[in-house]
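Below: the structure, in structure tokens.
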Amino acid sequence: MLDLDPTVVAVILGMAAVTYATKAGGLWLLGRVDLSERAEAGIDVLPGAVVVAFVAPALADGGVPEWVAAAATVAVARKTGNLLVSLAVGVAVVLAVRSVV
Amino acid sequence: MAEADSTTEPGDDVQSVSFSAAGVREGFVAGFPVAVGVAGYGVVFGVVARRAGLSVAEAAVMSATVVAGAAQLVAVELWADPIPVAAVVSTTLLVNLRYVLMGAALRPWLGQLTGPQAYTSVFFFADENWAQSIGVLRSGSHNGAFLLGSGLVLWLLWIASTVVGATAGALVGDPATYGLDFVATALFLTLAAGFWEGAESLRPWLAAAVAALAVHALVPGEWYILAGALAGAATEVVAYDA
Chain A
1 MLDLDPTVVA
11 VILGMAAVTY
21 ATKAGGLWLL
31 GRVDLSERAE
41 AGIDVLPGAV
51 VVAFVAPALA
61 DGGVPEWVAA
71 AATVAVARKT
81 GNLLVSLAVG
91 VAVVLAVRSV
101 V
Chain B
102 MAEADSTTEP
112 GDDVQSVSFS
122 AAGVREGFVA
132 GFPVAVGVAG
142 YGVVFGVVAR
152 RAGLSVAEAA
162 VMSATVVAGA
172 AQLVAVELWA
182 DPIPVAAVVS
192 TTLLVNLRYV
202 LMGAALRPWL
212 GQLTGPQAYT
222 SVFFFADENW
232 AQSIGVLRSG
242 SHNGAFLLGS
252 GLVLWLLWIA
262 STVVGATAGA
272 LVGDPATYGL
282 DFVATALFLT
292 LAAGFWEGAE
302 SLRPWLAAAV
312 AALAVHALVP
322 GEWYILAGAL
332 AGAATEVVAY
342 DA
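Which chain is which? The protein sequence lines are A and B, in order.
One point on numbering: in the working numbering, the residue at position 25 of the first sequence is 25, and numbering is uninterrupted.
Throughout, the working numbering is defined as the position within the second sequence, counted from one, plus 101.
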């Protein structure tokens, strides 16, 4: 539970390094280089694109319970903006629909 | 984030800011409610990380050193034995590339601080306290230490909530019994709802979904995420202004 695998820690530090590079890089680099608005727009959509790329195959592999629960999750997330509430609703709906189909 | 283009052009009328212990404290106090909200994600991250096979200590180390919620969640979903190192690190980079723009937006104010002050401060920023700090600074605050203070409280609660979630996650049995196999999907759908910027998101997201599905069907491993992300960004770059 408290063990630290050297390989795992090395990967985590790699993630930390690239993340810090993005945070500090923006502060450092953009005083020197002008990024085009076109490039900025591309960077701007990346987080959403990553999340969609992650979810699309998971939903495609799922069935009716997952699709119904997905719709419910998105609706609640849009309405409340609360992560825990939307997760709870999503999980409850997937269980409920699985029990009837 | 959509306003990054206006914030990178501060003009010459940016107020002067200074950096002090009192300023750090002010940011810490003001950032506390925001950090409590973020801690909800921390608990979820801890649970997911534990189920992915990380120990409590490893999950805590990740939260303490990476400090980027969405990227950490994607990374632990990719986790396997052996760890797909290239996919994990490159996906982390892609999810976090937006920080380049967000860091740049802080430049008018952080640029007035010393190097160590500014480069320590940026380590602690995440989406939520970045937004709060930009709001405070844009409304004329002279507190150049607000970002660090609000970042420190967020960082502490992020680590603590990760430990809570990871400890609790170890107690959970077969995930499907409780519908927990759906948690990751629900989590990413919730993130997506937050990233949605209206109709302009539709085209890049469709491209991302189509590319991800195609690569997922054809290529083993986790490359579909990278492919989808790049397809989405490329679509936006090509279609920009069109």
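Think of the CB as a built atom: it goes at the ideal place given N, C-alpha and C, for glycine as much as any other residue.
Bear in mind that the values here come from a model prediction, so they are computed numbers and not experimental data.
- Around the beta carbon of V175/B, 16 or more other beta carbons lie within 10 angstroms, which makes this residue buried.
- One Cα belongs to V320/B, the other to Q116/B, and the distance between them is close to 53 Å.
- Taking 8 Å as the cut-off, the Cβ atoms of W259/B and A123/B do not count as close.
- When Cβ pairs closer than 8 Å are counted between the two stretches, the stretch 5-14 of chain A is seen not to touch the stretch 194-205 of chain B, the count staying below three.
- For R78/A, the C-beta contacts it makes with chain B under 7 Å involve A294, in order along the chain.
- Contact check between the stretch 201-211 of chain B and the stretch 18-26 of chain A: three or more CB pairs, one atom from each, fall below 8 Å, which counts as touching.
- If you ignore the 5 residues before and after L214/B, its C-beta comes within less than 7 Å of the C-beta of F120, G245, all in its own chain and listed in chain order.
- When secondary structure is reduced to three states using DSSP, N82/A falls in the coil class, being assigned neither helix nor strand.
- Between the C-alpha atoms of R152/B and D34/A there is a straight-line separation of about 43 Å.
- At a cut-off of 8 Å, the C-beta of S302/B has a neighbouring C-beta in chain A.
- Rounded to whole angstroms, the Cβ separation of L2/A and V157/B is 6 Å, and the two are in contact under 8 Å.
- Of all residues in the stretch 250-263 of chain B, none places a beta-carbon less than 9 Å from a beta-carbon of chain A.
- For the C-beta of S86/A, the chain B residues within less than 8 Å are, from N- to C-terminus, A287, L290, T291, A294.
- The stretch 71-83 of chain A makes contact with the stretch 291-301 of chain B; the number of CB pairs closer than 8 Å reaches 3 or more.
- Rounded to the nearest angstrom, the Cβ distance from I43/A to L307/B is 19 Å, too far for a contact under 8 Å.
- Membership of W297/B in any alpha helix (DSSP H) is not indicated, and neither H nor E is assigned to it by DSSP.
- Closest in C-alpha terms to R98/A, from the list P65/A, S86/A, A41/A, V89/A, comes P65/A.
- With a threshold of 8 Å between beta carbons, I326/B makes contact with chain A.
- Secondary structure in the stretch 208-252 of chain B: the alpha helix (DSSP H) runs of 4 residues or longer, each lying completely within the stretch, are 208-211, 216-224, 228-239 in chain order.
- Listed along chain A is no residue with a C-beta nearer than 8 Å to that of A136/B; the closest approach is about 14 Å.
- Within its own chain, the residues whose Cβ lies closer than 8 Å to the Cβ of L292/B, once the five positions on either side in sequence are excluded, are A171, L174, listed in chain order.
- By the Cβ criterion, the stretch 261-275 of chain B is not in contact with the stretch 232-249 of chain B, since fewer than three pairs of Cβ atoms, one from each stretch, lie closer than 8 Å.
- As the crow flies, the alpha-carbon of V18/A is around 8 Å from that of V190/B.
- Judged by DSSP secondary structure, Y142/B falls within the alpha helix (DSSP H) whose first and last residues are 122-152.
- Within a 10 Å sphere around the beta-carbon of H243/B sit fewer than 16 other beta-carbons, which makes this residue exposed.
- Bounds of the alpha helix (DSSP H) holding G42/A are 37-61.
- With fewer than 16 other Cβ atoms from the protein chains shown falling within 10 Å of its own Cβ, E37/A counts as exposed.
- Flagged as an interface residue toward chain A: G329/B, by a C-beta distance shorter than 8 Å.
- Note on geometry: alpha-carbon atoms of A232/B and G81/A lie some 16 Å from one another.
- The stretch 160-170 of chain B and the stretch 249-264 of chain B touch, with three or more beta-carbon pairs separated by less than 8 Å.
- The continuous alpha helix (DSSP H) containing E337/B extends over residues 324-340.
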